[in-house]
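As they're listed, the protein sequences go chains P and H. The first sequence: position 280 = 322 (this note's numbering), numbered continuously. The second sequence: position 550 = 592 (this note's numbering), numbered continuously. Working notes for the structure below.
There are 2 protein chains.
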Amino acid sequence: MPDDATLRSALADYLSRPHADLRARILDLLATEPFRTPVEIEREEHRARVLAAVRVLADEGFGLLALPEAQGGADAPDQAIAAFETLAFGDLSILVKFGVQFGLWGGSIQQLGTATHHERWLRRIGTLELPGCYAMTEIGHGSNVRNLETTATWDEAAEEFVVHTPHARAGKEWIGNAALHGRMATVFAQLSVAGREHGVHALVVPLRGEDGALLPGIRIEDNGPKAGLNGVDNGRIWFDRVRVPRDHLLDRFATVTEAGYESPIESDGRRFFTMLGTLVAGRISIAAASVSAAKTGLTIAVRYSDRRRQFGPDDGPEVPILDYPVHQRLLLPRVAATYALHFAARDLIGRYASELGGQGAGDVPGEGMREIEGRAAALKVLASRHAVDTLQASREAMGGRGYHAANRLGRLRADVDVFTTFEGANPVLLQLVAKGLLTQYAEEMGDLRFLDIVRYLADRAGTRVRERNPIATRNVDRDHLRDLDYHRAAFEYREERLLESAARRLKRLTDEGVDAFEAVNRCQDHLAALALAHGERVALDGFLDGVARAPSPGVSETLADLARLFALERMEVDRAWFLEAGYVEPVKSRAIRAEIGVLCAELRPVARMLVGAWGIPDGVLAAPDALD
Amino acid sequence: MPDDATLRSALADYLSRPHADLRARILDLLATEPFRTPVEIEREEHRARVLAAVRVLADEGFGLLALPEAQGGADAPDQAIAAFETLAFGDLSILVKFGVQFGLWGGSIQQLGTATHHERWLRRIGTLELPGCYAMTEIGHGSNVRNLETTATWDEAAEEFVVHTPHARAGKEWIGNAALHGRMATVFAQLSVAGREHGVHALVVPLRGEDGALLPGIRIEDNGPKAGLNGVDNGRIWFDRVRVPRDHLLDRFATVTEAGYESPIESDGRRFFTMLGTLVAGRISIAAASVSAAKTGLTIAVRYSDRRRQFGPDDGPEVPILDYPVHQRLLLPRVAATYALHFAARDLIGRYASELGGQGAGDVPGEGMREIEGRAAALKVLASRHAVDTLQASREAMGGRGYHAANRLGRLRADVDVFTTFEGANPVLLQLVAKGLLTQYAEEMGDLRFLDIVRYLADRAGTRVRERNPIATRNVDRDHLRDLDYHRAAFEYREERLLESAARRLKRLTDEGVDAFEAVNRCQDHLAALALAHGERVALDGFLDGVARAPSPGVSETLADLARLFALERMEVDRAWFLEAGYVEPVKSRAIRAEIGVLCAELRPVARMLVGAWGIPDGVLAAPDALD
């Protein structure tokens, strides 16, 4: 395969879309001093630098991208995510601080609030004039946020909400911007009005005055040193009967009037998950940022491995380590997976933006957004895992040089690590995705209970899953193994079959009288496998769409080979499943492994181009051993 | 399964052998101030603290354990490794600094030198009076050390060796103790005598004077910040025609006399690998330390997960997260694998010590040591991978709490990371192990060339591999699935079959005229699989011996269940291979997965006891969220 300049630039240009100019502007900034965090830096200084960097970004207007035009914004959520995606090539503490201020704090006001809140706060948030927090997680409740314990009690006489932390472990935890800089917070609390509980709602609570001093009733504790992201000032917050006026309730989905509590959504649970759903941009952004972090690691490791020589034939010169099959196998499938996740993330961002565009401010998000939430959760899991795994592989691929702090892989890995946990812990998200897939038929059948749906699916099992083709299971022809339609069919088969079998298993358990909670518990591994199969199918679809829309035959051909490598490598990793399902026979499983080796060898000559096309400038890459 | 105090203490007592008192003394030290490195610490201060801690250990006599009695030592290499293994429960920077001084610097003098060197230097090394370095790795040669470029040229007239760095990239790299504290170094260099090259030899070269100032001809550069282990002062060293007297050549395996160069070993290559072989204690120690690091991570994560509650049945209390099958699946098989590696490492340490005991000082190590080298390399790969993987899983199992620096998992993971690289990069070691297995028949057949041996093995392929039992491949009875003899047979079958098939593949390639280097390259994945299968078989054997020698039926029964979980989980991870090989059929592969879930549920009630039996005191564990 040729590595010619035309192909390289055509590929790079394609990958920079959409919003190439925006990305270029941010890359220019990342190469400047305020964004080049020293390799060694003390925590307090790091936090100060990070705040300064976010201020630069705000001054450049990047904090306003997602806001409504009425507040001086660009009303372009997809541009905001593109900016976030590009910032992820730099210090991830700056990225996260940026996300906390504009994505979480600003996003919660925009998505959960209404006109009053928008007019009062959004512009000042977008300019960083008003730094704030997103206070949901509690010490006692990280994953199970529906049961968090902070209370907001409506005091009819005073027309105020009383926000209170009932006991120490109900304190807010890991709240970004809380330890030092946040002046207000969106606080999630159990709302009670006239003695009735209405579940979790969001209210805006001031934390610090203009002078930065804590306000009465607010107690904040620094979360202290973390395994990474030490440039972000996370903290714990406790509230002692703090009073806020009526209009501090973010009232898009519920209001408290003289008439009492009102909401367009009956069920407390449904209302809460609708609120969370509007914040899906956070998960999409973390998925996209994870892809960027993987790109940084692979660009550094591939450029190094392309030059580093070790061992060789007797009395011949030593050979570049990327010429070794095990080394190709370590890096190139990860390059392919990074391309897959790149296109899947871009596709999701597009769907999200257009779905949002179709909504009126007050609308309750519909089916379309529900599906996007499921894809976002699955993709966040895949991408965050991929980033951690890829940065580890990149470090090991560089041996001792990868351990050099100057080459960035150590801190990057430590920073990205928590992406597997925040915006939803991966194991919890997988269960969520699977349940979403199992209940997507709810519409077809009217709003049935979860277990009824499971029964429905189980009963029609087998009727939907396409038949296995007995010849295909043994077919080892190269054309067939490289056929993208075959890959797509295999991924779809796996997802469908896991869906049907999970449903059957759940039905069997409940038929035996096991209660729903326990039945779902026993199927956790099965449900996780289903969610991952769904995520990989979505990733492959996104990749194949990207191949189809390629601007030139050369680009299309290159991307198609990467898609083949991605698909075959995923199939090989999960080949035990395909063997157990009888979808491939041992001879084919072995042939797939061999074909992966051949594809790696074919792509090796363009490996440098493939990572170069991600467009990370040397000044941003900054790793000495990756530069020429 | 009961968690009673008798069982707990019997198990803990068993695991503390041999040298329980020695381990207890070190654990007491680790709980004292000099060993409790602050969560946040600046690099220079960390290095100073680490030196001070190692001085405490030297003052307590732990640096003398491995030395000959003539030098005031205990002549107990196994005790030295037991000390190292225990130190790995603390700050790994202290561990590595300890290993550099006493294991590498002292070990190289003891193993490669003779009486003169021992008398002159060993005691002062063991007391830390003479801090030193082990200078092998070069910037240009990390893995391929046989081709390193530093030269040592014999000057007959002056009766001196001239040690020289021919160009910048031939400088020594990552040398522990070099940046600050080392006063001398064992330097590996290409020896040339009277114009003839004799390959790599070791010489002692002074680096700094009593005052700590660098000596003429020595240039040292600090390696600077690393991804971890920042309490160790690694550095780069360049030599400018540095002269050392004749008796600075470590001459156990080669001398230079008036008569010129003399060595009991003809081949330069064989001599070099014999020298390296004598330093096998390093790999054994890293394997053992990796197991300790995994124990720390799992003790913290299991104790936390046993208490942390999240989610639960409707209107029931929330349940401890360790009650969830996916969470059990995340942690308990890793507990089992840690037990397996514990016993395998202890077994290897014992073999090493007795093999060493049987040797005279001057002897060239024989077959016994060759086998131990192979096991050490395989175990180092398995254990270092396991430590990295387990610390990551432990971090994720604790969600955000695992990201708290105070809970130690972040730094531990960053520190242990490089264990996969030093003392031999894992991918390189796997190839080494496989080649060792392929050539173990050399003795049987006289000293044949590698490829002849491959031919020999290929020709007898099939004759040795036991037949598959057609009933066993479908047998899903619980008794059978839990039968330790079945597990042992499965592990042996996999190793034998991979050995034979690798040999056949190599033969086929060379028959087609592919040269040896290229043929081996194309089989790298196959050889790596063989090496891992060998390592896991050795680990299972070690574990089963540990079960057999258990002090009581209760302990034996508990360990047997852990061995079952370890064996079945390894089989499940590699089930694709067993399916492809036809050793298990899909129905059995699924049954194995189910049985793992059952075993996890059975072991869950004693999970806390199982990690408690590793005997890490709270004062050493130190993670706030793991303490009651």
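Using N, Cα and C, we set each Cβ at its ideal position, and we do this for glycine too.
Nearest neighbour of residue i, chosen from the options [CA to CA]
{"i": "residue 139 of chain P", "options": "P:178, P:276, P:604, P:102", "result": "P:276"}
{"i": "residue 356 of chain P", "options": "H:364, H:557, H:59, H:245", "result": "H:557"}
{"i": "residue 154 of chain H", "options": "H:142, H:321, H:53", "result": "H:321"}
{"i": "residue 169 of chain P", "options": "P:143, P:192, P:157", "result": "P:143"}
{"i": "residue 684 of chain H", "options": "H:106, H:418, H:96, H:367", "result": "Residue 684 of chain H is absent from the structure shown; chain H starts at 43 and stops at 670."}
{"i": "residue 626 of chain H", "options": "H:636, H:638, H:613", "result": "H:613"}
{"i": "residue 263 of chain H", "options": "H:219, H:616, H:270", "result": "H:219"}
{"i": "residue 157 of chain P", "options": "P:643, P:77, P:402", "result": "P:402"}
{"i": "residue 476 of chain H", "options": "H:420, H:254, H:526, H:579", "result": "H:420"}
{"i": "residue 161 of chain H", "options": "H:119, H:110, H:371", "result": "H:110"}
Counterpart residues of residue i in DSSP-defined beta bridges
{"i": "residue 351 of chain H", "result": "H:362"}
{"i": "residue 280 of chain P", "result": "P:261"}
{"i": "residue 565 of chain H", "result": "Answer is none; residue 565 of chain H lacks a bridge partner."}
{"i": "residue 205 of chain P", "result": "P:194, P:284"}
{"i": "residue 160 of chain P", "result": "Note: residue 160 of chain P sits in no beta bridge, so no partner."}
{"i": "residue 232 of chain P", "result": "P:193, P:242"}
{"i": "residue 391 of chain P", "result": "Paired residues: none, contrary to the question."}
{"i": "residue 299 of chain P", "result": "P:302"}
Assigned exposure category for residue i - 16 Cβ within 10 Å defines buried
{"i": "residue 265 of chain H", "result": "buried"}
{"i": "residue 513 of chain H", "result": "exposed"}
{"i": "residue 487 of chain H", "result": "With a pLDDT of 49 at residue 487 of chain H, under the threshold of 50, the predicted position of this residue should be treated as unreliable, though the coordinate-derived value follows. Residue 487 of chain H is exposed by the Cβ-count criterion."}
{"i": "residue 399 of chain P", "result": "exposed"}
{"i": "residue 209 of chain H", "result": "exposed"}
{"i": "residue 341 of chain H", "result": "buried"}
{"i": "residue 533 of chain H", "result": "buried"}
{"i": "residue 377 of chain P", "result": "buried"}
{"i": "residue 653 of chain H", "result": "buried"}
{"i": "residue 589 of chain H", "result": "buried"}
{"i": "residue 199 of chain P", "result": "exposed"}
{"i": "residue 555 of chain H", "result": "exposed"}
{"i": "residue 57 of chain P", "result": "buried"}
{"i": "residue 603 of chain P", "result": "buried"}
{"i": "residue 587 of chain H", "result": "exposed"}
Contact set for residue i: own chain, Cβ-Cβ below 6 Å, skip 5 residues either direction
{"i": "residue 682 of chain P", "result": "Given that chain P is displayed from residue 43 to residue 670, the structure contains no residue 682 of chain P and the question cannot be resolved."}
{"i": "residue 440 of chain P", "result": "343, 346"}
{"i": "residue 233 of chain P", "result": "194, 240, 243"}
{"i": "residue 425 of chain H", "result": "329, 332, 333, 383"}
{"i": "residue 290 of chain P", "result": "245, 246"}
Neighbourhood of residue i by C-beta, 7 Å cutoff - its chain only, sequence neighbours within 5 removed
{"i": "residue 545 of chain H", "result": "480, 496, 499, 500, 503"}
{"i": "residue 660 of chain P", "result": "669"}
{"i": "residue 305 of chain P", "result": "295, 296, 313"}
{"i": "residue 585 of chain H", "result": "381, 382, 385, 386, 605, 608"}
{"i": "residue 551 of chain P", "result": "561, 564"}
{"i": "residue 123 of chain P", "result": "323, 326, 327, 330, 391"}
{"i": "residue 677 of chain P", "result": "In the structure displayed, chain P extends from 43 to 670; residue 677 of chain P sits before or after that span and is not available."}
{"i": "residue 410 of chain P", "result": "397"}
Cut-off 8 Å between Cβ atoms - residues of its own chain near residue i, not counting five sequence neighbours on either side
{"i": "residue 473 of chain H", "result": "562, 566, 569, 570, 573"}
{"i": "residue 114 of chain H", "result": "106, 165, 168"}
{"i": "residue 597 of chain H", "result": "49, 52, 53, 56"}
{"i": "residue 369 of chain H", "result": "347, 363, 439"}
> Curious, which full-length beta strand (DSSP E) runs of at least 3 residues does the segment 302 to 327 of chain H contain?
Replying inline: 302 to 304
> What are the uninterrupted segments assigned as alpha helix (DSSP H) that are 4 or more residues long and contained completely in the segment 428 to 500 of chain H, given in chain order?
Replying inline: 441 to 445, 451 to 459, 468 to 480
> Along the chain, which unbroken stretches of the alpha helix (DSSP H) at least 4 residues long are found entirely within the segment 587 to 644 of chain P?
Replying inline: 595 to 615, 617 to 622
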